[in-house]
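The next block holds one structure in the form of structure tokens; read it before the comments.
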Amino acid sequence: MDGVLRSDVKVMESPTPSWRMRIYDVLLRFLGLAFTFVAAVLVGVTRETKIIPITISQGVPVLHIPLTAKWQYMSAFVFFLVTNSVACAYAAGSLVYSVAARSFKHMNAALALSILDLIMMALLYSANGAAAAIGLVGRDGNSHVQWRKICDVFDGYCHHLAAALVLSLIGSFAFLGLVLLSVLGLHKKSK
Numbered sequence: 733m734d735g736v737l738r739s740d741v742k743v744m745e746s747p748t749p750s751w752r753m754r755i756y757d758v759l760l761r762f763l764g765l766a767f768t769f770v771a772a773v774l775v776g777v778t779r780e781t782k783i784i785p786i787t788i789s790q791g792v793p794v795l796h797i798p799l800t801a802k803w804q805y806m807s808a809f810v811f812f813l814v815t816n817s818v819a820c821a822y823a824a825g826s827l828v829y830s831v832a833a834r835s836f837k838h839m840n841a842a843l844a845l846s847i848l849d850l851i852m853m854a855l856l857y858s859a860n861g862a863a864a865a866i867g868l869v870g871r872d873g874n875s876h877v878q879w880r881k882i883c884d885v886f887d888g889y890c891h892h893l894a895a896a897l898v899l900s901l902i903g904s905f906a907f908l909g910l911v912l913l914s915v916l917g918l919h920k921k922s923k
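No gaps in the numbering here: position 166 of the sequence shown is 898 in my numbering, and each next residue is one more.
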């Protein structure tokens, strides 16, 4: 035996995710929380009032009517605000769970988080698409149905909504990263 001791002890890998995966998980959940929160708040406080001159016909004096643009007037923006609020609340809860849980030893909890991350991502992309479509109509109008563009009048309102859309998209990418991270974790466990 040449003085070498041999052992039959096998080193098993820990079923817990690596510390890098946990850091990425916490970071992505925090980013999802932060971006969806700011997007929801930005839409929730967005409103703009302007006095618009309206000419009814020749010879009639011009009417100056105050008009207000609010997010509540368009169902796509209501959907956008509610979806970002739900995603923010979910991100806060899952962040607390992710930090509090030492490991994702319970496969059911990890699977539930992955499915919920996927649902939040899908909802956010859906809300972002709806808000972007209405935003384009507001910016360009639609001559086929005689919808006039409003962003030339309510420019501050449109800029706030565009900023909220960009922030929500970044939050959507954070949830996409969480889904990809869970798929990567499942891939590593299957090896």
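Note that beta-carbon positions come from the ideal geometry of N, C-alpha and C, so glycine has one too.
For clarity, every value in this text was computed on a predicted model and none was experimentally measured.
CB contact flag (residue i, residue j, <8 Å)
i: residue 776; j: residue 903; result: no
i: residue 907; j: residue 801; result: no
i: residue 899; j: residue 771; result: yes
i: residue 933; j: residue 761; result: Outside the displayed range of the chain (733 to 923) lies residue 933, so it cannot be described from this structure.
i: residue 793; j: residue 783; result: no
i: residue 860; j: residue 897; result: yes
i: residue 892; j: residue 778; result: yes
8 Å contact criterion, which residue i and residue j should meet: CB distance rounded
i: residue 755; j: residue 809; result: Not quite, the Cβ-Cβ distance comes to about 35 Å (not below 8 Å), so this is no contact.
i: residue 812; j: residue 854; result: Contact doesn't hold; Cβ gap of about 14 Å is too wide.
With 16 other Cβ atoms within 10 Å as the buried cut-off, status of residue i
i: residue 816; result: buried
i: residue 781; result: exposed
i: residue 803; result: buried
Nonlocal neighbours in the same chain, by C-beta distance under 6 Å from residue i, ignoring five residues either side
i: residue 750; result: none
i: residue 914; result: 846
Sequence-distant residues of its chain with Cβ nearer than 8 Å to residue i (five each side left out)
i: residue 848; result: 822, 826
i: residue 852; result: 764, 818, 819, 822, 823, 907
i: residue 872; result: 881
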